[in-house]
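Colleague: Protein chains in written order, with my numbering: chain A, 1433 to 1761; chain B, 425 to 710.
Ideal Cβ placement from N, Cα and C applies to all residues, glycine included.
Can you read through this structure? Questions will come right after.
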Amino acid sequence: MRAAKVPILDASTYSNHGQPALQREPSAPSDRGGAKRRWFVRGLMLPGQILSLIVLITPLAVAFYMSFTDWAPTRGSLAAASFVGIENYQELLIYDTRFVEAVVRTLLLAIVCLSIEFTLGLGLAVLFLRKFRGKSLAFSVILTPMMVLPVVVGYTFWMLFQSNGPVNQIIELIAGPGSAPEWFRSTPFALAIVVITEVWHWTPLFFLILLSGLNAVPENPVRAAVILGASPRQVFWRVVLPMLKPVIVVAFVIRSMEIIKLFDEVFMLTRGGPGTSTETISLYIYKLAFNDFQLAYGAAAAFLVLLGTLTLVHILLAPVRDQLLEARR
Amino acid sequence: MPVRPLSWFLLLVLLGAIVITLFPTFWIVMTAIKPPTDWNAAPAIWIPSKPTLVNFRTLFDPEAIREYGVGGVSQAATMSVLGSIFASTTATALSVIIGLLSAIGISRYSSGGRATPLLILSGRMFPPAAIAVPFVIIFSNIALIDTYSGLIAIYVAATLPFSTWMLKSFVDEIPREIEEAAMVDGKSRLMAHLTVTLPLIRGGLFATTLFIFILNWSEFLFALVLSYTNIETIPVRLAKYVTATAGTLYGVQAALAVLAMVPLVIAGFLIQNHLARGMTFGAVKR
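Here is the structure:
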């Protein structure tokens, strides 16, 4: 609870030679409990705020300024860099096909991965509504991929899809010798690996969130629907699923935010190859900044991505914002 | 919905899912115990006939692999293991302490208002590859580049939204009347929060700590761009094995991957009921 904003008329208000002082926040000295309390709250928040200011806001501000310059590390200090206005942004959006391609590719990857993850996760979660022996063990096992480091996941799948790796062994066993593809040499197959890796890694998150949601669905509407003669299928699609909407949105928002930043796995799997055919936005920005040293240009790209992500999250959250804020209180 | 048992078909689906879930981990563990001759054999060897721990020993003693006639690994992984342990635990402790203070502020005093959640989320939306650029510039200027202090500062800031919101959701569940009663009994605000609320959210505090540890331990990009020679973490070492000598050190890499995975899988199991809460910033409770 914030301290109530009641104007307090006491000595301090008139200390200014009898003239009423300007309307103040209620921080008058006589309001001792309130002032003490405010300082206490400020003290609680301060460490986090200072840290965010130094470690998040300052670099963001520097990057934002940088994105309007032509600065490169070889050209001396950032302060001396010349201001080029929105040139970087223009270049990115109009002429840089590699950037546009990376954006489109990342979005397509996001759509494909998230649809598969959602479908599989929902299927598994519904399965876990049934009763069977060893359920809690199965639950723990299904969750394990989430706990593996992204770098390790990338490395593991890189191993699995080697031309003489186990996946190709299984394919040749089923489809005959010579049928296995060179996964990392062709664009569609390399993209498929990225999708498979992401789906393996993050389906458990959808499963977990959706199962939490399913378990929290109130009994009564479901029972009412059953009494009214709804089939189990109707109950699921018409009663249960609509009630899961906020949870589904949360899952999608969290996952879209992460997959738009997709870097670690792809770095370990393909480094964006063959060519630039699996390059994600993050990988492209990384290469711009740390291979080509086009730091200012990379910063501009990052801000475009931030803007896009913010818009996307805003749109995704719109239908359930009020519900979520209610839940937060 | 009435609870029904699994049909045979669904049981098969479930078993399939479990096999697919476990297979990559199985493969990496098997690779980690393969002798060099089996690492990259064609056709691939699923279960080594002569399992060995030489890959693990090589991580800490690069000469160990020589007994198999393979040249020594240029660099031991010892530094990266110690570096990961140091950076992750320190950053986790700081993140949880600072997060706890903010969580109390937000939960008990509504500090921050309605805009804070979105503001914090937007911090998580910025591609780290890009935020790393100004870090490199700023850190180079204040001699924090290639130091653990710099890396830890970033880790704390990056995980603070998670620790704050996760802890807030736990504090929210404790009725504030209990604290108020303690304050009436003469305890100061701070002591009321620390001696009354804190013991009640012990479980939540533990879960948050492990969750933040998982995040810090997994981090790759910042460690990659902010480390040159003085510092190293396991993910960076793992990536360097790939670049330096691709295709020749499968087993050693796999051993490091297994080593990196073990603490996280244990931590994950311990807090599996709180994972949803952590991942969703407290929006999904369980």
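Between the alpha carbons of B:S535 and A:G1475, how many angstroms are there, rounded?
Modeller: Counting from one through the second sequence, the residue named residue 535 of chain B turns up at place 111. Counting from one through the first sequence, the residue named residue 1475 of chain A turns up at place 43. Approximately 11 Å, taken between the alpha carbons.
Colleague: Use the C-beta contact count for A:P1461: other C-beta atoms within 10 angstroms, 16 or more gives buried, fewer gives exposed.
Modeller: In the first sequence, the residue the question calls residue 1461 of chain A occupies position 29. The pLDDT assigned to A:P1461 is 42, lower than 50, so where the model puts this residue is not dependable, and the model offers no usable value.
Colleague: Between the C-alpha atoms of A:L1744 and B:M549, what's the straight-line distance to the nearest angstrom?
Modeller: For this step, residue 1744 of chain A is matched to residue 312 along the first sequence. For this step, residue 549 of chain B is matched to residue 125 along the second sequence. If you take the alpha carbons of A:L1744 and B:M549, they lie about 11 Å apart.
Colleague: Tell me the DSSP secondary structure of B:T571 in three-state form.
Modeller: Counted from its first residue, the second sequence places residue 571 of chain B at position 147. In this structure, B:T571 counts as coil in the three-state DSSP scheme.
Colleague: Going along the region 650 to 663 of chain B in order, which residues come within less than 7 Å of chain A, judged by CB to CB distance?
Modeller: Here the close residues are P659, L662, A663.
Colleague: Can you have a look at A:K1563 and say buried or exposed, based on whether 16 or more other CB atoms are within 10 angstroms of its CB?
Modeller: Along the first sequence, one-based indexing puts residue 1563 of chain A at 131. Under this definition A:K1563 is an exposed residue.
Colleague: Identify the continuous alpha helix (DSSP H) that holds A:R1537 and give its terminal residues.
Modeller: As a working note, residue 1537 of chain A is residue 105 in the first sequence. Here the alpha helix (DSSP H) through A:R1537 covers 1529 to 1559.
Colleague: Report buried or exposed for A:Q1726, applying the criterion of at least 16 other Cβ atoms within 10 angstroms of its Cβ.
Modeller: Here the question's residue 1726 of chain A lines up with position 294 in the first sequence. A:Q1726 is buried by the Cβ-count criterion.
Colleague: Within the continuous alpha helix (DSSP H) that includes B:I530, where are the two ends?
Modeller: Within the second sequence, the letter at position 106 stands for residue 530 of chain B. Unbroken alpha helix (DSSP H) run through B:I530: 502 to 533.
Colleague: Run through chain A and tell me which residues come within less than 8 Å of B:I528, C-beta to C-beta.
Modeller: In the second sequence, residue 528 of chain B corresponds to position 104, counting from 1. Those within 8 Å of B:I528 in chain A are L1476.
Colleague: Contact check, A:L1700 vs A:V1583 under 8 Å by CB: the rounded distance?
Modeller: As a first step, residue 1700 of chain A must be located in the first sequence, where it is residue number 268. As a first step, residue 1583 of chain A must be located in the first sequence, where it is residue number 151. Residue identity differs from the one stated: residue 1700 of chain A is Met in this sequence, not Leu. Going by Cβ atoms, the distance from A:M1700 to A:V1583 rounds to 6 Å, so yes, they are a contact pair.
Colleague: Could you tell me the alpha carbon to alpha carbon distance between A:M1591 and A:P1636, rounded to whole angstroms?
Modeller: If you number the first sequence from 1, residue 1591 of chain A lands on position 159. If you number the first sequence from 1, residue 1636 of chain A lands on position 204. C-alpha separation (whole angstroms): 22 Å.
Colleague: Step through the CB atoms of chain B and report whether any lies within less than 8 Å of the CB of A:F1699.
Modeller: Translated into positions along the first sequence, residue 1699 of chain A becomes position 267. Taking Cβ atoms only, chain B reaches closer than 8 Å to A:F1699, which makes this a yes.
Colleague: Based on Cα-Cα distance, which residue from B:V557, B:F637, B:I602 lies nearest to B:P623?
Modeller: Counted from its first residue, the second sequence places residue 623 of chain B at position 199. The shortest C-alpha separation from B:P623 is found at B:I602.
Colleague: I'd like to check one pair, A:T1588 with B:A681: are the Cβ atoms closer than 8 Å?
Modeller: As a working note, residue 681 of chain B is residue 257 in the second sequence. As a working note, residue 1588 of chain A is residue 156 in the first sequence. Result yes, Cβ atoms of B:A681 and A:T1588 sit closer than 8 Å.
Colleague: Can you list, in chain order, the residues of its chain whose CB lies under 6 Å from that of B:T461, leaving out five sequence neighbours each side?
Modeller: The sequence position of residue 461 of chain B within the second sequence is 37, counting from 1. Cβ within range, chain order: n/a, list empty.
Colleague: Out of curiosity, what's the CA-to-CA distance linking B:E643 and A:I1659?
Modeller: In the second sequence, the residue the question calls residue 643 of chain B occupies position 219. In the first sequence, the residue the question calls residue 1659 of chain A occupies position 227. About 51 Å.
Colleague: Could you give the residue range of the alpha helix (DSSP H) that holds B:L694?
Modeller: For the purposes of this step, residue 694 of chain B is taken as residue 270 along the second sequence, with counting starting at 1. Where B:L694 is concerned, the enclosing alpha helix (DSSP H) stretches over 674 to 694.
Colleague: So, using beta-carbon positions, are A:M1578 and B:L699 closer together than 8 Å?
Modeller: Counting from one through the first sequence, the residue named residue 1578 of chain A turns up at place 146. Counting from one through the second sequence, the residue named residue 699 of chain B turns up at place 275. In contact: A:M1578 and B:L699 (Cβ atoms closer than 8 Å).
Colleague: Is the beta carbon of A:G1704 less than 8 Å from the beta carbon of A:L1715?
Modeller: Indexing the first sequence from 1 puts residue 1704 of chain A at position 272. Indexing the first sequence from 1 puts residue 1715 of chain A at position 283. It is a contact, given that the beta carbons lie within the stated cut-off.
Colleague: Nearest chain A C-beta to B:Y533 closer than 8 Å, yes or no?
Modeller: Taking the first residue of the second sequence as position 1, residue 533 of chain B is located at position 109. Interface residue, yes.
Colleague: Could you check what DSSP says for B:T653 in three-state terms: helix, strand or coil?
Modeller: Taking the first residue of the second sequence as 1, we reach residue 653 of chain B at position 229. Here B:T653 sits in coil by DSSP.
Colleague: Would you kindly work out how many angstroms separate the C-alpha atoms of B:K592 and A:W1471, rounded to a whole number?
Modeller: Here the question's residue 592 of chain B lines up with position 168 in the second sequence. Here the question's residue 1471 of chain A lines up with position 39 in the first sequence. Taking the straight line from one Cα to the other gives about 20 Å.
Colleague: Taking the C-alpha atoms as reference points, what is the distance between B:S508 and B:I658?
Modeller: Residue numbering aside, residue 508 of chain B sits at position 84 when the second sequence is read from its first letter. Residue numbering aside, residue 658 of chain B sits at position 234 when the second sequence is read from its first letter. Cα to Cα, B:S508 sits roughly 6 Å from B:I658.
Colleague: Which one of A:P1674, A:G1466, A:T1712, A:P1598 has the shortest CA to CA distance from B:A466?
Modeller: For the purposes of this step, residue 466 of chain B is identified with residue 42 of the second sequence, where counting begins at 1. Of the listed residues, the one whose Cα sits closest to B:A466 is A:P1598.
Colleague: Going by DSSP, which residues form a beta bridge with B:T632?
Modeller: What you label residue 632 of chain B is simply residue 208 of the second sequence in a count that begins at 1. Note: B:T632 sits in no beta bridge, so no partner.
Colleague: Report buried or exposed for B:P552, applying the criterion of at least 16 other Cβ atoms within 10 angstroms of its Cβ.
Modeller: Working through the second sequence from its first residue, we reach residue 552 of chain B at position 128. It is buried - the Cβ of B:P552 has at least 16 other Cβ atoms within 10 Å.
Colleague: Against B:M703, what residues of chain A qualify as contacts under a CB-to-CB distance less than 7 Å, listed in chain order?
Modeller: Taking the second sequence and counting its residues from 1, one reaches residue 703 of chain B at position 279. Ordered by position in chain A, the residues that pass the 7 Å Cβ test against B:M703 are L1637, I1686.
Colleague: If you measure between the beta carbons of B:G692 and B:M590, is that distance less than 8 Å?
Modeller: Looking up residue 692 of chain B in the second sequence gives position 268. Looking up residue 590 of chain B in the second sequence gives position 166. No; because the gap between Cβ atoms is not below 8 Å, this pair is not in contact.
Colleague: Identify each residue in the region 1499 to 1531 of chain A for which the Cβ-Cβ distance to at least one residue of chain B is less than 7 Å, and report them in chain order.
Modeller: So the list reads L1510, given in the order they occur along the chain.
Colleague: Once the 5 residues before and after A:L1561 are set aside, which same chain residues still bring their CB inside 7 Å of it?
Modeller: Position 129 of the first sequence, counting from 1, holds the residue named residue 1561 of chain A. Closer than 7 Å at the Cβ level, and outside the excluded window around A:L1561, lie L1646.
Colleague: Which residues of chain B have a Cβ atom closer than 9 Å to the Cβ of A:Y1729, listed in chain order?
Modeller: In the first sequence, residue 1729 of chain A corresponds to position 297, counting from 1. Under the 9 Å cutoff, chain B gives no residues; its nearest Cβ is about 10 Å from A:Y1729.
Colleague: From the beta carbon of B:T588, is the nearest beta carbon of chain A less than 8 Å away?
Modeller: Here residue 588 of chain B refers to the residue found at position 164 of the second sequence. Closer than 8 Å: yes.
Colleague: Straight-line CA distance for B:L575 to A:M1675?
Modeller: The sequence position of residue 575 of chain B within the second sequence is 151, counting from 1. The sequence position of residue 1675 of chain A within the first sequence is 243, counting from 1. Roughly 42 Å between the two C-alpha positions.
Colleague: Within 8 Å (strictly less), CB to CB, does A:R1617 reach chain B?
Modeller: Reading the first sequence from its first residue, position 185 is the one you call residue 1617 of chain A. A:R1617 does not count as touching chain B.
Colleague: Counting contacts by CB-CB distance shorter than 8 Å, is A:Q1562 in contact with chain B?
Modeller: Residue 1562 of chain A sits at position 130 when you count from the first residue of the first sequence. What sits at residue 1562 of chain A in the sequence shown is Arg, not Gln. With 8 Å as the cut-off, A:R1562 counts as an interface residue toward chain B.
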